[in-house]
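Numbering (the UniProt record's numbering), first residue to last: 1 to 171.
Heads up, the beta-carbon is just placed ideally off N, CA and C, and yes, glycines get one too.
The block underneath contains the structure these notes are about, expressed in C-alpha cells.
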C-alpha cells in the first residue's frame with residue numbers, strides 16, 4: 001500500500017436493535033429474578049444472598065472450613081468485600097475466623113453450629129422459591145436451553161478473560 005491508499009477499515013460490529021432488545025430483556029429479567037429470590041431469602045430466613053453464598057460454600061467444604069482466599073475465589077468476590085461481609089457474619093455467630101494451622105499468615109473461615117443451623121433452615125424455603133420463581137415458569141425444554149445458554153456464556157466469558165488476562169466475573 002502506498003501512502004495515498006487508505007487502509008481498509010474494520011467494520012465496527014455493534015448489536016442490532018433486536019439483539020439489544022433481547023439483551024435488555026435478559027439482563028432486566030435476571031435482575032428481577034435475583035431481587036425476588038433475595039427478598040424471599042431475607043424474609044424467610046433473615047439471611048442475605050451473600051450470607052447464603054458463604055454458608056453454602058462452607059457447608060460443602062471439607063471440614064466446613066476454607067481459607068479466606070479460597071472462599072473469595074469460590075464465590076467470586078473481591079477479598080475486601082468478603083472481609084467486610086465476614087465481619088458482619090462473625091458478629092452474628094454464623095462463622096468464625098481461625099488462624100490457619102498450616103500458615104500463620106492466613107485465616108480459615110469456619111462454619112459455626114449457628115451458621116450451619118441457619119443454612120439448613122434456609123435451604124428448603126430458598127429452593128422452594130427457586131422452584132416457584134424459575135423452574136415452574138419454564139418448560140423442560142426451556143430449562144435445558146437455559147442451562148445450555150448459561151454454559152455457553154460462562155465458557156465465552158472465561159475464554160475472553162483468559163485472552164485479556166483477567167478473570168471472568170460470574171458472581
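Quick check: the Cα distance between residue i and residue j, rounded to an integer number of angstroms?
i           : j           : result
residue 57  : residue 74  : 7 Å
residue 227 : residue 85  : With the chain represented from 1 up to 171, any question about residue 227 goes unanswered, as that position is not in the structure.
residue 30  : residue 150 : 12 Å
residue 92  : residue 101 : 24 Å
residue 49  : residue 16  : 34 Å
residue 38  : residue 121 : 16 Å
residue 163 : residue 125 : 40 Å
residue 153 : residue 113 : 37 Å
residue 159 : residue 99  : 36 Å
residue 22  : residue 103 : 49 Å
Exposed or buried, residue i, counting other C-beta atoms within 10 Å across all chains shown (16 or more means buried)?
i           : result
residue 109 : buried
residue 95  : buried
residue 72  : buried
residue 66  : buried
Mind checking if residue i is an interface residue toward chain D, Cβ cutoff 8 Å exclusive?
i           : result
residue 150 : Among the chains of the structure shown, chain D does not appear; only one protein chain is present.
Just to confirm my understanding: we take residue i, look at its own chain, exclude 5 residues before and 5 after, and list those with CB closer than 8 Å. What are they?
i          : result
residue 68 : 79, 82, 83, 86, 97, 106, 107, 108 and 109
Below 8 Å on the Cβ atoms is my guess for residue i versus residue j; work out the distance and round it to an integer in Å.
i           : j           : result
residue 118 : residue 41  : So it is not a contact: roughly 11 Å between Cβ atoms.
residue 59  : residue 127 : In fact, because the Cβ distance is near 14 Å, the residues do not count as touching under 8 Å.
residue 146 : residue 138 : 7 Å
Spatial neighbours of residue i within its chain, please: CB distance less than 6 Å, with the 5 preceding and 5 following residues excluded, ordered by chain position.
i           : result
residue 131 : none
residue 129 : 37 and 40
Apart from the five residues just before and just after residue i, which ones in its own chain have a Cβ nearer than 7 Å to its Cβ?
i           : result
residue 135 : 143
So does the region 69-85 actually touch the region 38-56, counting three or more Cβ pairs closer than 8 Å? yes
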